[in-house]
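Below: the structure, in structure tokens.
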Amino acid sequence: MLRVSASAIAIICLVGLTQASNSQSAIFNSDPKKNWAVLVAGSDGWWNYRHQSDVCHAYQLLTGLGIPRENIITFMYDDIANNRNNPYPGKIFNDYNHKDVYAGVQIDYKGSDVNPGMFMRVMKGDAQLKAAGKKVLQR
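Per mature numbering (1 follows the signal peptide of the UniProt record, and there is no 0), the sequence shown runs over residues -20 to -1, 1 to 119.
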């Protein structure tokens, strides 16, 4: 049940990203260095490939818009790029153009760190995580 909640958050974020990338919505600051994004794929397993591929695609869109990598916080289990079922090991595709959207994606929270508690700590700018060198949302 908790994974469904994180997936729902990811979908909401991706819908917002899609709207923003198409219309340059007011959610983006005119200075890309001041924008922050939190991307979440809250599900794991090969059967949920699309969730992680969507996050990787969103990451590529955001960096393409000039948002610095250090301002993008990524949550994903990271279990599909090198999954034994992947016919293209180390690659993730999001559409039929076969552009690898996994290349260059910095994953900040993976595996067991993808959980609602960690997500909330990141969203609140948790000082302990920051002191440990982890990315947290900053104002």
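Even for Gly, the Cβ is constructed at its ideal location relative to N, Cα and C.
CB contact flag (residue i, residue j, <8 Å)
{"i": "residue 21", "j": "residue 68", "result": "no"}
{"i": "residue 53", "j": "residue 94", "result": "no"}
{"i": "residue 28", "j": "residue 51", "result": "no"}
{"i": "residue 55", "j": "residue 109", "result": "no"}
{"i": "residue 89", "j": "residue 98", "result": "yes"}
{"i": "residue 59", "j": "residue 24", "result": "yes"}
{"i": "residue 96", "j": "residue 46", "result": "no"}
{"i": "residue 61", "j": "residue 42", "result": "no"}
{"i": "residue 63", "j": "residue 37", "result": "no"}
{"i": "residue 86", "j": "residue 119", "result": "no"}
Bridge-paired residues (DSSP) for residue i
{"i": "residue 53", "result": "18"}
{"i": "residue 29", "result": "BP columns for residue 29 are empty, so no partner."}
{"i": "residue 89", "result": "55"}
{"i": "residue 99", "result": "For residue 99, which the question treats as bridged, DSSP gives no partner whatsoever."}
{"i": "residue 80", "result": "73"}
Rounded Cβ spacing between residue i and residue j (contact assumed at less than 8 Å)
{"i": "residue 26", "j": "residue 65", "result": "5 Å"}
> Is it a yes or a no for the segment 19 to 35 touching the segment 66 to 86, going by three-plus beta-carbon pairs under 8 Å?
Replying inline: yes
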